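Each remark here refers to the structure printed beneath this line.
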Amino acid sequence: MPATAEQNTAVPKTAVPKTARPQASSGYVEFDEYVDFQLEKTRNSIKWTDIVTAVAVVAAFVVGYLLLFAVADHWLIPGGFGHTARFVMVGGLLVATAGWLVWKVLLPYLKQVSGLYAAQMIESSEPGLKSTLLNLVDLRNAGREIPQEIRGSLEKRAAQALSHMDVDQAVDRRPLMRAAYVLLGLVVFACLYSVFSPKSKIGRAHV
4 MPATAEQNTA VPKTAVPKTA RPQASSGYVE FDEYVDFQLE KTRNSIKWTD IVTAVAVVAA
64 FVVGYLLLFA VADHWLIPGG FGHTARFVMV GGLLVATAGW LVWKVLLPYL KQVSGLYAAQ
124 MIESSEPGLK STLLNLVDLR NAGREIPQEI RGSLEKRAAQ ALSHMDVDQA VDRRPLMRAA
184 YVLLGLVVFA CLYSVFSPKS KIGRAHV
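The structure is reproduced here in structure tokens:
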């Protein structure tokens with residue numbers, strides 16, 4: 004029996020491979036599901052990259068502070084810092100560290116990254132999307148009724164573009180790398196100073 008014209012032109016609704024949910028029996032997901040999954044993945048990646056960056060920054064600050072303290076205590080201050088000065092400096096370090104961790108780690112952990120911000124970051128790394136993802140997220144956030152034809156077209160174009168890219172690569176990790184390099188450099192310098200300094204080792208400095 005020959006196929007009808009309608010059968011020949013039918014397009015499957017599920018045309019994006021389901022690579023993220025292997026437990027499902029189907030090999031495909033709906034376009035909107037795939038877009039939502041990639042957005043959520045990007046939001047989580049942005050969130051944890053920012054948190055790890057903040058931890059690396061505060062770690063570099065603490066190591067740098069202790070290194071400067073040791074150098075000043077050994078070479079710049081005759082007889083070293085007094086007990087009151089040590090107490091004030093350590094207290095200031097603890098307060099500054101706690102404040103930074105609350106501001107840059109705890110509060111971001113409790114919040115959610117905006118879907119619009121995640122879409123913007125993806126768009127900046129994939130010009131082929133041509134603002135399709137941004138428009139889709141913006142229309143969703145607006146709360147207005149979107150004609151099914153327009154919504155379906157945007158979801159299809161966005162999903163197909165996202166299926167050809169790795170959204171992890173869209174997250175800017177340059178600040179994290181810079182903080183990690185600074186932390187590594189400070190740790191190496193502190194170790195070298197501790198080993199080769201003719202003064203007391205950093206580990207023996209009375210902080």
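In the numbering used here, the protein residues as written are 4 to 210. Every residue, glycine too, gets a C-beta built ideally from N, C-alpha and C. Computed from a prediction, not measured in an experiment: that's the story for all the values here.
Whole-angstrom C-beta distance between residue j and residue i, which should lie under 8 Å
i, j, result
"Val170", "Leu104", "28 Å between Cβ atoms; not a contact."
"Ser128", "Ala173", "4 Å"
"Leu70", "Leu195", "That belief does not hold up - the Cβ atoms of Leu70 and Leu195 are roughly 11 Å apart, past 8 Å."
Three-state class that DSSP yields for residue i in the structure shown
i, result
"Ile108", "The question names Ile, but residue 108 is Val in the sequence shown. DSSP places Val108 in helix when its eight states are reduced to three."
"Val215", "Since the first and last residues shown for the chain are 4 and 210, residue 215 lies out of range."
"Glu148", "coil"
"His167", "coil"
"Asp53", "helix"
"Glu129", "coil"
"Glu115", "Inspection of the sequence shows that residue 115 is occupied by Gln rather than by Glu. Coil, per DSSP."
"Arg176", "coil"
"Phe40", "helix"
"Phe199", "helix"
"Gly67", "helix"
C-beta atoms of residue i and residue j nearer than 8 Å
i, j, result
"Leu136", "Ala161", "yes"
"Ala121", "Ile54", "no"
"Asn138", "Leu119", "no"
"Ser200", "His77", "yes"
"Arg176", "Thr87", "no"
"Thr56", "Pro178", "yes"
"Leu96", "Tyr68", "yes"
Spatial neighbours of residue i in its chain, beta-carbon cut-off 6 Å, leaving aside the 5 residues before and after
i, result
"Arg46", "Val116, Ala121"
"Ala132", "The amino acid at residue 132 is misidentified as Ala; the sequence shows Leu. Excluding sequence neighbours, Leu132 sits near Glu126, Ala164."
"Gly83", "Asp76"
"Met168", "Glu129"
"Val191", "none"
Chain-order list of residues whose beta-carbon lies under 7 Å from that of residue i (same chain, five-residue window excluded)
i, result
"Ala183", "Ala59"
"Val185", "Ala63"
"Gln123", "Leu137"
"Pro81", "none"
"Ile149", "Leu142"
Own chain partners of residue i with C-beta closer than 8 Å, once the 5 adjacent residues on each side are dropped
i, result
"Ser134", "Glu126"
Practice problem: Indicate whether the contact test is met: 3 or more Cβ pairs, each with one atom in the stretch 36-53 and one in the stretch 155-163, closer than 8 Å. | Solution: yes
Quiz item: Is the stretch 99-115 in contact with the stretch 51-69, if contact means three or more CB pairs nearer than 8 Å?
Solution: yes
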